[in-house]
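Just below is one structure, and these are the notes that go with it.
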Amino acid sequence: MSENPLDSHLLPDVIERQQAALKTLPVNLADITLAQYRLKTYLSPTPLEFESGLPNSVWLKLENLNPMRSFKVRGALNAMLALTPEARGRGLVAASSGNHAQGIAYAAKLLGASAQIVMPEVAPKRKIEGVKRLGGTVILRGDYDTMEIEAHRLEREHGWTYISPYADVKVIAGAGTIGLEMIERAPDVQRVIVPVGGGGLISGIAVALKTFKPTVQIIGVNAAVSPDMYNLFYGKDLPLSHETLADALPGAIEETSPTREIVKALVDEIVLVDEDAIQSAMRWFYETHGLIGEGGGVVGIAAMLSGVIPQSNDNTVIVVSGGNVDTDTLKRVL
Numbered sequence: 013m014s015e016n017p018l019d020s021h022l023l024p025d026v027i028e029r030q031q032a033a034l035k036t037l038p039v040n041l042a043d044i045t046l047a048q049y050r051l052k053t054y055l056s057p058t059p060l061e062f063e064s065g066l067p068n069s070v071w072l073k074l075e076n077l078n079p080m081r082s083f084k085v086r087g088a089l090n091a092m093l094a095l096t097p098e099a100r101g102r103g104l105v106a107a108s109s110g111n112h113a114q115g116i117a118y119a120a121k122l123l124g125a126s127a128q129i130v131m132p133e134v135a136p137k138r139k140i141e142g143v144k145r146l147g148g149t150v151i152l153r154g155d156y157d158t159m160e161i162e163a164h165r166l167e168r169e170h171g172w173t174y175i176s177p178y179a180d181v182k183v184i185a186g187a188g189t190i191g192l193e194m195i196e197r198a199p200d201v202q203r204v205i206v207p208v209g210g211g212g213l214i215s216g217i218a219v220a221l222k223t224f225k226p227t228v229q230i231i232g233v234n235a236a237v238s239p240d241m242y243n244l245f246y247g248k249d250l251p252l253s254h255e256t257l258a259d260a261l262p263g264a265i266e267e268t269s270p271t272r273e274i275v276k277a278l279v280d281e282i283v284l285v286d287e288d289a290i291q292s293a294m295r296w297f298y299e300t301h302g303l304i305g306e307g308g309g310v311v312g313i314a315a316m317l318s319g320v321i322p323q324s325n326d327n328t329v330i331v332v333s334g335g336n337v338d339t340d341t342l343k344r345v346l
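Residue numbers for the sequence shown, in our numbering: 13 to 346.
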């Protein structure tokens, strides 16, 4: 796939290919609609606010205003609600740098289950403490690439039920409910900009939006120092450091993850933003909205402010995916 395919999402052969893919992908509109039905008792739709401080017609989807200040609660709760009582009763295990961890702990507490969370040793203190406050057990192991391996080992050893932060069709469907809310609130949307880590968020949104609106452009944003999905998407081998303000995004993507297939089939472009742009976006979001957006949550804003994604007259929605930031990081950024 070539980089920067100008308006390629409008080409008839691209639309035809994407619409054909929707019929065979592991997540479909029915899965997302069922997720919306499951979640409506527990979660309210997040705001979609017009952004006068950005060029042209831009709206922000404020997922940082969810419980646990992240979109991750959608997928965690949907996956848990879909389990049998027996599977929930065995206990849950997950691997996460923080937001999925808190989503799992929140959902487990809500449903009366136990949750064990494997987190990297460099996980932000705020997110570790957030899991503990919700009654989750934190297991600090290794780095972003090894925590999932450890979680799967514990799954086998203890018989716990593993819920992936992205490589799970129920988690992806939960994230897809964001796309349904966009269609309901902004049916004329033409371009959507989404943070990308393991791909669960952008996969769910892409399935929902491309089903209803085949011409919508889906653009993913990776941190430049952690271009895992970018490398997969374009067949590149850019170096990975994973040390980034966007700490919710890094990590190797499981070989069997359905997000690999969905992203390649439905996403139109992935771009990279550097650390200076991420820091500027965090500061801008706080100064203009009085809200905290974590580095990984505001990479879409970073791409727009820095010009990595060009200005357009298209009706654009930028997903702000989370708002969990350590106090020390926040002080340094602001």
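Where is the CB? At the ideal position from N, CA and C, for every residue including glycine.
Cross-strand partners of residue i (DSSP beta bridge)
| i | result |
| --- | --- |
| PHE62 | TRP71 |
| ILE321 | ILE321 pairs with nothing; no bridge assigned. |
| ILE330 | LEU72 and ILE205 |
| LEU104 | ALA127 and THR173 |
| SER82 | GLY334 |
CA-to-CA distance, residue j to residue i, given in whole angstroms
| i | j | result |
| --- | --- | --- |
| ILE44 | ALA236 | 30 Å |
| ASP259 | LEU34 | 31 Å |
| PRO132 | LYS225 | 39 Å |
| VAL143 | LEU22 | 43 Å |
| ILE129 | PRO24 | 45 Å |
| ALA106 | TRP172 | 9 Å |
| ARG50 | LEU93 | 7 Å |
| GLN30 | ILE330 | 22 Å |
| SER318 | ASP288 | 9 Å |
| ALA125 | VAL85 | 15 Å |
| ALA218 | PRO199 | 15 Å |
| ARG81 | LEU104 | 21 Å |
| PRO207 | PHE83 | 11 Å |
| ASP340 | THR58 | 27 Å |
| ARG153 | HIS112 | 16 Å |
| LEU28 | ASP155 | Note that residue 28 corresponds to Glu in the displayed sequence, not to Leu. Between GLU28 and ASP155, the C-alpha separation is close to 41 Å. |
| ARG138 | LYS343 | 14 Å |
| VAL228 | HIS170 | 44 Å |
| LEU250 | PRO97 | 44 Å |
| ALA88 | ILE175 | 8 Å |
| ILE140 | THR256 | 18 Å |
| GLN114 | PRO177 | 11 Å |
| ARG168 | GLY302 | 45 Å |
| ILE116 | LEU278 | 27 Å |
| VAL134 | THR268 | 26 Å |
| ALA99 | LEU74 | 32 Å |
Close-in-space but distant-in-sequence residues of the same chain around residue i (CB under 7 Å, 5 per side omitted)
| i | result |
| --- | --- |
| GLY305 | ASN76, MET294, PHE297, VAL332 and GLY335 |
| VAL285 | VAL233, ALA235, ALA236, VAL311, ALA314, ALA315, SER318 and VAL320 |
| GLN48 | THR189 and LEU192 |
Nonlocal neighbours in the same chain, by C-beta distance under 6 Å from residue i, ignoring five residues either side
| i | result |
| --- | --- |
| VAL26 | SER20 |
| ILE265 | GLY210 and ASP240 |
| ASN327 | SER69, ASP200, VAL201 and GLN202 |
| GLU281 | ILE231 |
| VAL337 | ILE304 and GLU306 |
Other residues of its chain near residue i: CB distance less than 8 Å, five sequence neighbours each side excluded
| i | result |
| --- | --- |
| SER253 | VAL237 and SER238 |
| ILE151 | GLN128, ILE129, VAL130, MET131, GLU162 and LEU166 |
| THR300 | GLY65 |
| LEU95 | THR173 |
| THR223 | LEU34, ASN40 and LEU41 |
| PRO79 | LEU55, VAL85 and TYR118 |
| GLU63 | VAL70, TRP71, LEU72 and ILE330 |
Residue i: CB within 7 Å of a non-hydrogen atom of the ligand SAM
| i | result |
| --- | --- |
| LEU122 | Looking for the ligand SAM in the displayed structure turns up nothing, as the structure carries no ligands at all. |
Checklist entry - At which residue ranges does the stretch 112-148 contain complete alpha helix (DSSP H) runs of 4 or more residues, listed in the order of the chain? => result As far as the stretch 112-148 is concerned, its whole alpha helix (DSSP H) runs of at least 4 residues are 137-145.
Checklist entry - Within the chosen definition, does the stretch 322-329 reach the stretch 66-75 through at least 3 CB pairs nearer than 8 Å? => result Output reads yes: the stretch 66-75 touches the stretch 322-329.
Checklist entry - Can you find at least 3 beta carbon pairs, one from the stretch 292-300 and one from the stretch 263-275, that sit closer than 8 Å? => result Of all C-beta pairs linking the stretch 292-300 to the stretch 263-275, fewer than three are shorter than 8 Å, placing the two stretches out of contact.
Next on the checklist: Restricting to runs no shorter than 4 residues, where is the alpha helix (DSSP H) found entirely within the stretch 229-296?
Outcome noted: Complete alpha helix (DSSP H) runs here, min 4: 240-246 and 270-278.
Item to check | 4 or more residues per run - each alpha helix (DSSP H) lying fully within the stretch 141-216 | outcome: Counting only runs of 4 or more, we get 159-170 and 181-197.
Item to check | Touch test, the stretch 47-56 against the stretch 300-313, Cβ-Cβ under 8 Å, three pairs minimum | outcome: Too few Cβ pairs lie closer than 8 Å, so no.
Checklist entry - Is the stretch 183-192 close to the stretch 159-174, with three or more CB pairs under 8 Å? => result The stretch 183-192 makes no contact with the stretch 159-174; the number of CB pairs closer than 8 Å stays below 3.
Item to check | contact_flag[the stretch 137-151, the stretch 114-129] where n(CB pairs < 8 Å) is 3 or more | outcome: When C-beta atoms of the stretch 137-151 are compared with those of the stretch 114-129, three or more pairs fall below 8 Å, so the two segments count as touching.
Item to check | Stretch-stretch touch, CB-based, cutoff 8 Å, three pairs: the stretch 236-249 with the stretch 172-191 | outcome: Short answer: they don't touch.
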